[in-house]
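In this note's numbering, the protein residues as written are 1 to 221.
Rendered as structure tokens:
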């Protein structure tokens with residue numbers, strides 16, 4: 001019994017520990033919602049295969065290993081990343097705390113439900129294969145609900161980076177044209193006032209003419 005538990009749980013924890021950091025690196029690039037949806041669909045697919053080919057011992061070891069990657073690596077890491085990026089600024093840890101609470105409640109209720117279904121399928125001789133089959137079917141139905149719920153997650157809005165609002169506002173065509181008009185008007189007014197007040201202080205100064213242009217007689221010997 002202990003050996004069977006070790007063979008089932010060790011691959012689950014090992015692949016989850018390996019895939020979680022990798023998911024944390026690719027999550028910001030691919031999007032946390034996409035990671036969660038991919039993990040939910042993969043969990044359902046793997047568990048459906050495990051339900052069909054549950055008589056093969058090798059698959060009962062391979063399935064937990066694959067679930068460790070899709071569930072522990074994709075789903076849990078993706079939900080944490082989604083909670084951090086979409087949480088309100090006033091409560092940055094609210095969604096992460098709610099996610100952890102829901103995980104604990106769901107795990108407790110899932111174990112209780114699976115135990116009740118297995119016990120209900122038992123007979124006078126003890127636990128039967130039908131009881132395990134019914135428990136796996138109930139779990140598969142709950143995973144289907146999880147897939148639908150993951151698909152209903154709204155795409156998070158992209159938050160503007162530091163300084164992006166200022167650069168975006170000043171780079172808009174309307175703001176640039178308005179700034180150009182104001183600058184042109186101010187420059188024109190200052191130039192007109194300076195030219196009227198002191199012609200030699202005008203920004204556009206006339207080209208000085210040589211003395212022989214004003215009096216050509218000086219060139220005559």
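Glycine is no exception: its CB is placed at the ideal position from the N, C-alpha and C atoms.
Report, in whole angstroms, the separation of the C-beta atoms of residue i and residue j, which I expect to be a contact under 8 Å.
i: residue 121; j: residue 73; result: Residue 121 to residue 73, Cβ: 32 Å. No contact.
i: residue 41; j: residue 23; result: So it is not a contact: roughly 15 Å between Cβ atoms.
i: residue 33; j: residue 153; result: 5 Å
i: residue 64; j: residue 12; result: 4 Å
Taking C-beta to C-beta, are residue i and residue j nearer than 8 Å?
i: residue 114; j: residue 101; result: no
i: residue 93; j: residue 39; result: no
i: residue 81; j: residue 27; result: yes
i: residue 112; j: residue 47; result: no
i: residue 3; j: residue 137; result: no
i: residue 83; j: residue 96; result: yes
Shortest alpha-carbon distance to residue i belongs to which of the options?
i: residue 150; options: 119, 23, 76, 55; result: 76
i: residue 14; options: 128, 21, 68; result: 68
i: residue 8; options: 125, 97, 66, 91; result: 66
i: residue 156; options: 85, 10, 62, 6; result: 85
i: residue 10; options: 105, 61, 103, 70; result: 61
State buried or exposed for residue i, treating a residue as buried only when at least 16 other CB atoms are found within 10 Å of its CB.
i: residue 118; result: buried
i: residue 174; result: Because the pLDDT at residue 174 is just 43, under 50, the model does not fix this residue reliably, and the point stays unresolved.
i: residue 128; result: exposed
i: residue 98; result: exposed
i: residue 37; result: buried
i: residue 43; result: buried
Requested in this report: Let me know the alpha helix (DSSP H) ranges lying completely inside the stretch 54–122, each 4 residues or longer, listed in chain order.
Outcome: 57–67, 76–86, 94–120
Requested in this report: Would you list, in sequence order, the uninterrupted alpha helix (DSSP H) runs of no fewer than 4 residues that lie entirely inside the stretch 1–34?
Outcome: 2–30
Query raised in the report: Which residue spans inside the stretch 121–154 form an unbroken alpha helix (DSSP H) run of at least 4?
Result: 129–151
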